[in-house]
Amino acid sequence: MTAVETGGTGGTGEETGGDVLAVAREQVLERGVGLTEDQVLAVLSLPTERLSDALKLAHDVRMRWCGPEVEVEGIVSLKTGGCPEDCHFCSQSGLFESPVRAAWLDKDRLVEAAKQTAKTGATEFCIVAAVRGPDAKLMEQVRAGIAAIRAEVDINVACSLGMLTQDQVNELAAMGVHRYNHNLETARSHFPEVVTTHSWEERWETLQMVRAAGMEVCCGGIVGMGETLAQRAEFAVQLAALEPDEVPLNFLIPNPGTPFAHLEVPQGADALMTVAAFRLALPRTVLRFAGGRELTLGDLGAEQGMLGGVNAIIVGNYLTNLGRPAEQDLDMLETLKMPIKALNDTL
Numbered sequence: 001m002t003a004v005e006t007g008g009t010g011g012t013g014e015e016t017g018g019d020v021l022a023v024a025r026e027q028v029l030e031r032g033v034g035l036t037e038d039q040v041l042a043v044l045s046l047p048t049e050r051l052s053d054a055l056k057l058a059h060d061v062r063m064r065w066c067g068p069e070v071e072v073e074g075i076v077s078l079k080t081g082g083c084p085e086d087c088h089f090c091s092q093s094g095l096f097e098s099p100v101r102a103a104w105l106d107k108d109r110l111v112e113a114a115k116q117t118a119k120t121g122a123t124e125f126c127i128v129a130a131v132r133g134p135d136a137k138l139m140e141q142v143r144a145g146i147a148a149i150r151a152e153v154d155i156n157v158a159c160s161l162g163m164l165t166q167d168q169v170n171e172l173a174a175m176g177v178h179r180y181n182h183n184l185e186t187a188r189s190h191f192p193e194v195v196t197t198h199s200w201e202e203r204w205e206t207l208q209m210v211r212a213a214g215m216e217v218c219c220g221g222i223v224g225m226g227e228t229l230a231q232r233a234e235f236a237v238q239l240a241a242l243e244p245d246e247v248p249l250n251f252l253i254p255n256p257g258t259p260f261a262h263l264e265v266p267q268g269a270d271a272l273m274t275v276a277a278f279r280l281a282l283p284r285t286v287l288r289f290a291g292g293r294e295l296t297l298g299d300l301g302a303e304q305g306m307l308g309g310v311n312a313i314i315v316g317n318y319l320t321n322l323g324r325p326a327e328q329d330l331d332m333l334e335t336l337k338m339p340i341k342a343l344n345d346t347l
């Protein structure tokens, strides 16, 4: 399916009339068919008093189609800051007056970060670089870093290195990269309001090459960047059309110095309804809590999200923002009696 073909609502008045959650119970829970764009919008538009119902259904869907296990991941930035792109949410852009400055992580610290991630029980360690796309120097550093990690740590290695050429996709696949992250960030219709230095379609093309090369596709975005509820629903079905293995769901952190510094943090109830709606649109996909959940949801909201369709979590810090201590999230999973997915089950 092409990017052009992901447009359109795909829903009818009959499908979204009446109680959308009752429709979703039969369609998503019983048959495993994700919601259409109109149906996702209907869920997002539910009154707050229906939130617990939506979360309960989303949790039931997650348990039926994904199972009870939670996938834990850690991330580290190999190259931070100095990015030439103008993603309006990102403090790593070299075009903005943010406090983040360019820095590189050496191989020894990369391996140590992988070791610390593995100690949490995580099955995935993601190497991230703030670039438009990798140059020859970065590809060689990634190659050396992956080899060093593999020699000392039993963990899957993922990468997030921006937009790729076909040769670079082939190189990463040959290195044994398990999963590649490249977020579409937001709905296609809203993307020009978020990024102007490259297109949504360029990101889509990288993701198609990654899938064709046999790597798992990790693709999500950020909630709260000025999009409408209709655009949020559009984004959910565009992700569903991509059929990603994982969708990281971030909530905007209005970083100082960025064009989105003035935007308000998403409200907790709004964020949780989004979690439920995305699970109902993507019944079989790994839905991962990522950046911004601490600020938007706090401890109680994080638990509600884990009981509302989420089945993966990033532990520890993010790229330029602090997260919760990993032990705090692991304690939460233990309290909720959610088993952590074992490494040998993910290979």
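Sequential numbering of the sequence shown, starting at 1, is according to the UniProt record's numbering.
Virtual Cβ for every residue (Gly too), placed ideally from N, Cα, C.
It should be emphasised that the depicted structure is a prediction, and the values quoted were computed from it without experimental measurement.
First and last residue of the uninterrupted beta strand (DSSP E) at residue i
i: ILE313; result: 312–314
i: PHE289; result: 286–289
i: ARG25; result: Per DSSP, ARG25 belongs to no beta strand (DSSP E) and is neither H nor E.
i: residue 349; result: Since the first residue shown for the chain is 1 and the last is 347, residue 349 is missing from the structure and cannot be characterised.
i: ILE146; result: Element bounds for ILE146: not the beta strand (DSSP E) but the alpha helix (DSSP H), 136–152.
i: VAL128; result: 124–129
i: GLU334; result: No beta strand (DSSP E) contains GLU334, which is instead part of the alpha helix (DSSP H) from 326–335.
i: PHE260; result: First-last for PHE260: undefined, no H or E at that position.
i: GLU216; result: 216–218
Unbroken alpha helix (DSSP H) run spanning residue i, endpoints
i: GLU69; result: First-last for GLU69: undefined, no H or E at that position.
i: PHE278; result: 268–281
i: PHE251; result: It is not in any alpha helix (DSSP H) - PHE251 instead sits in the beta strand (DSSP E) that spans 246–251.
For residue j and residue i, the rounded distance between their alpha carbons
i: ALA342; j: PRO244; result: 21 Å
i: ALA22; j: ASP299; result: 29 Å
i: ARG143; j: ALA174; result: 10 Å
i: MET303; j: GLY67; result: For clarity, residue 303 is Glu in the given sequence; the question names Met instead. Going from the Cα of GLU303 to the Cα of GLY67 covers about 17 Å.
i: ASN321; j: PRO339; result: With a pLDDT of 48 at ASN321, under the threshold of 50, the modelled position of that residue is not reliable, and the figure given next carries that caveat. Cα to Cα, ASN321 sits roughly 27 Å from PRO339.
i: VAL131; j: CYS87; result: 11 Å
i: SER52; j: ALA151; result: 46 Å
i: ILE75; j: ALA233; result: 28 Å
i: ALA103; j: ALA113; result: Note that ALA103 scores 49 on pLDDT, short of 50, meaning its location in the model is unreliable; the coordinates nonetheless yield the value given after this. One C-alpha to the other measures close to 16 Å.
i: LEU138; j: GLN267; result: 38 Å
i: VAL82; j: HIS190; result: Looking at the sequence provided, one finds Gly at residue 82 rather than Val. If you take the alpha carbons of GLY82 and HIS190, they lie about 25 Å apart.
i: VAL28; j: ARG64; result: 10 Å
i: ASN317; j: MET215; result: At ASN317 the pLDDT is 47, less than 50, meaning the model places this residue with poor confidence and gives no usable figure here.
i: VAL100; j: GLY145; result: Unreliable positioning characterises VAL100 in this predicted model, as indicated by a pLDDT of 45, which lies under 50. A coordinate reading is not provided.
i: GLY226; j: PRO134; result: 29 Å
i: GLU185; j: GLN166; result: 22 Å
i: GLY11; j: LEU282; result: With a pLDDT of only 40 at GLY11, under 50, the local geometry of the prediction cannot be trusted, and the value read off the model is given with reservation. So the two alpha carbons sit approximately 16 Å from each other.
i: PRO259; j: ARG203; result: 21 Å
Spatially closest choice to residue i from the options, by CA coordinates
i: TRP200; options: GLY226, PHE235, GLY308, ASP167; result: PHE235
i: ARG25; options: LEU44, SER45, HIS59, LEU41; result: HIS59
i: ALA158; options: LEU164, THR165, GLU140, LEU172; result: LEU172
i: GLU124; options: LEU184, LEU242, LEU307, GLY176; result: GLY176
i: ALA212; options: ARG179, ALA271, PRO283, ASP154; result: ARG179
i: CYS218; options: THR335, THR196, GLU227, ASN183; result: ASN183
i: ALA240; options: GLY32, ASP19, VAL20; result: GLY32
i: LEU336; options: VAL310, MET306, ILE313; result: MET306
i: ILE314; options: GLY308, THR296, GLY292, SER45; result: GLY292
i: ASP331; options: ASP135, VAL247, ASP167, VAL72; result: VAL72
i: VAL247; options: THR285, GLU334, ALA269, ALA261; result: THR285
i: ALA269; options: PHE251, GLU37, ARG109, ASN181; result: PHE251
i: VAL43; options: VAL61, VAL20, ASP154; result: VAL20
i: PRO84; options: THR48, MET163, SER45; result: MET163
i: ASP329; options: GLU294, LEU287, ASN156; result: GLU294
i: GLY220; options: VAL275, GLY308, PRO325; result: VAL275
i: ALA326; options: GLY121, GLN39, VAL111; result: GLY121
i: LYS79; options: LEU110, ASN255, THR197, GLY301; result: LEU110
i: LEU272; options: GLU37, LYS56, GLU30, ASN181; result: LYS56
i: CYS126; options: GLU140, ILE155, ARG50; result: ILE155
i: ARG288; options: GLN168, VAL61, VAL210, VAL70; result: VAL70
8 Å contact criterion, which residue i and residue j should meet: CB distance rounded
i: GLN116; j: ALA187; result: Rounded, the Cβ-Cβ distance is 36 Å, inconsistent with contact.
i: VAL128; j: SER160; result: 4 Å
i: ALA230; j: LEU35; result: So it is not a contact: roughly 14 Å between Cβ atoms.
i: VAL194; j: PHE278; result: That pair is no contact at about 18 Å.
Task: Whole alpha helix (DSSP H) elements within the region 32–68, 4-residue minimum - done: 37–44, 51–65
- [ ] Could I get the ranges of all uninterrupted alpha helix (DSSP H) runs contained in the region 176–214, with 4 residues as the minimum, in chain order?
- [x] With a minimum length of 4 residues, the continuous alpha helix (DSSP H) runs that stay inside the region 176–214 are 200–212.
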